[in-house]
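Quick note on this note's numbering: the sequence shown kicks off at 2 and runs consecutively.
The C-beta atom is built at its ideal place from N, Cα and C for all residues, glycine as well.
It should be emphasised that the depicted structure is a prediction, and the values quoted were computed from it without experimental measurement.
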Amino acid sequence: MMIQKKIVIASVVGYCTLAFSLNSVVDAQDSVWETGKFHWKVGPPILSVSQERLPNSEAPWVAVKDPSVVRFDGEWHLFCTLRNQKTGKGRIRIGYCNFDKWSEANQADWHLLDLTMDYHGAPQIFFFEPDQRWYLIYQAADESRGLKYGPCYSYTATIDAPTSWSKPEPLYVVPEGKKAGLDYWVICDQTHAHLLFTSLDGRIWHSQTALNRFPQGDWTAQQVVLEADLFEASHTYKMLGQDQFLTLVEAQDGRRRYFKFFTAIHPAGPWRPLAATRGNPAVSVNNVVNQDQSWATSYSHGEILRSGYNQHLEIDPKSVQLIFQGANDQEYQRGQYGDITWQLGLLQLVDAP
């Protein structure tokens, strides 16, 4: 009897220990958005420039970068910046491809959007439900139409018709004497459209307009909403099921790029750091669990894969993947920025090792 009691007691203790361990794992998963202790697994490159699928004999393509992507009608629709070896007009274009699975991305057909031959790039894609149209937000100039550099948009009713996009129009005209930003990004709540962008000096700016006035309507004066050790490409999302927004933004660590996270209850802030230091980043070589197998040491200009495709830009915090442009040290640290052979890859949020 004494032996049986010990066995029973041991079993209960073992069960409690196992239950405690499982609960600890669950708690750790649930609290990552509170602790800011993120860990990622990187996959192989999924997309690189292809001279065969997008011939350009005069100026071969160098890089595919600045990805923005939505899942719609059973396919991924990816928009990005394509960089070639040309100087002057036409060296940077916005490209589009669609595919069913990520493993098929490098076999997809490329299309160049006929927007302008002047500078344009860093697209963002979303479906604006109030007028039932797809929008691209990007930075552009178009001398042929008297359009100075600034935040622009194009629209279409059909996302997979590359020739259907309208010519660039300004969200607003950058005031004379004011410096334009870059990496423009729009996110909407129930009443307003919010525009955020960076300025390469550690600042994120915000402007807004009434939802029923989007895209060309009475944008407020641009105000700084975050100033920190950051660089460019701030991309803001609504956390699904929460009254909270998340901004993913790129920073620099010497000759490498990495990501930071900030959170707020409103796109205009105030923004608080979540994973925003070199020692505790959102994504860097420090918290990619298979970094020894990674093809990238710079993690740059990322887009979190959304749970939908509309203007609310919602993401599911329980299942996070991130598409990014990447390069290793040798690729990133040679020549000029335009010489970097960026490729696209995927990061998956995982449990702490």
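Among the residues of its own chain, which have a CB less than 6 Å from the CB of residue i, if the five just before and after it don't count?
i      : result
SER208 : LEU196, TRP220, THR221, GLN223
ASP143 : THR117, ASP119, PRO169
PHE128 : TRP135, TYR310, ASN311
HIS78  : VAL71, ASN99, ILE160
LYS1   : The shown model of the chain, from 2 to 354, leaves out residue 1, and the question about it has no answer.
GLN253 : PHE232
ARG279 : ASP254
Excluding the five sequence neighbours on either side, which residues of its own chain have a C-beta within less than 7 Å of the C-beta of residue i, listed in chain order?
i      : result
GLN108 : none
ILE324 : PRO68, VAL70, GLY303, GLU304, LEU306, LEU345, LEU347
ALA64  : VAL50, ARG84, ILE341, THR342, TRP343
HIS193 : GLN209, THR210, ALA211, LEU212
ARG54  : ASP110, TRP111
Starting from residue i, trace the beta strand (DSSP E) both ways and give me its first and last residue.
i      : result
TYR259 : 257-265
MET118 : Run containing MET118: none; DSSP gives neither H nor E here.
GLU76  : 76-85
GLN209 : 204-211
LYS239 : 233-240
Report, in whole angstroms, the separation of the C-beta atoms of residue i and residue j, which I expect to be a contact under 8 Å.
i      : j      : result
LEU137 : PHE80  : 7 Å
CYS153 : GLN312 : With a Cβ gap of about 17 Å, CYS153 and GLN312 do not count as contacting.
GLY37  : ALA234 : About 20 Å separates the two Cβ atoms, so there is no contact after all.
GLY255 : ASP230 : In fact, because the Cβ distance is near 13 Å, the residues do not count as touching under 8 Å.
GLU76  : ASP101 : 6 Å
LEU314 : TYR238 : 5 Å
In this structure, what does DSSP give as the bridge partners for residue i?
i      : result
VAL43  : LEU348
ARG311 : Here residue 311 is Asn; the residue named in the question, Arg, does not match the sequence. The partner list for ASN311 (beta bridge, DSSP) reads PHE128.
PHE100 : TRP77
ALA252 : TYR259
VAL187 : LEU196
TRP135 : PHE128, THR157
GLU53  : In DSSP, GLU53 forms no bridge with anything.
PHE325 : GLY346
Considering just the uninterrupted stretch of the alpha helix (DSSP H) at residue i, what are its terminal residues?
i      : result
GLN331 : 330-333
Give a yes or no on whether the minimum CB-CB distance between residue i and chain B is below 9 Å.
i      : result
HIS195 : In the displayed structure, chain B is absent; only one protein chain is listed.
Starting from the C-beta of residue i, find all residues in its chain whose C-beta is less than 8 Å away, skip the five residues before and the five after it, and write them out in chain order.
i      : result
ARG273 : PHE263, THR264, ALA265
Discussion item. Can you confirm whether the stretch 305-316 touches the stretch 277-293 when touching is taken to mean that 3 or more C-beta pairs between the two stretches lie within less than 8 Å?
Written reply: no
Discussion item. Counting beta carbon pairs with one atom in the stretch 237-246 and one in the stretch 258-268, are three or more of them shorter than 8 Å?
Written reply: yes
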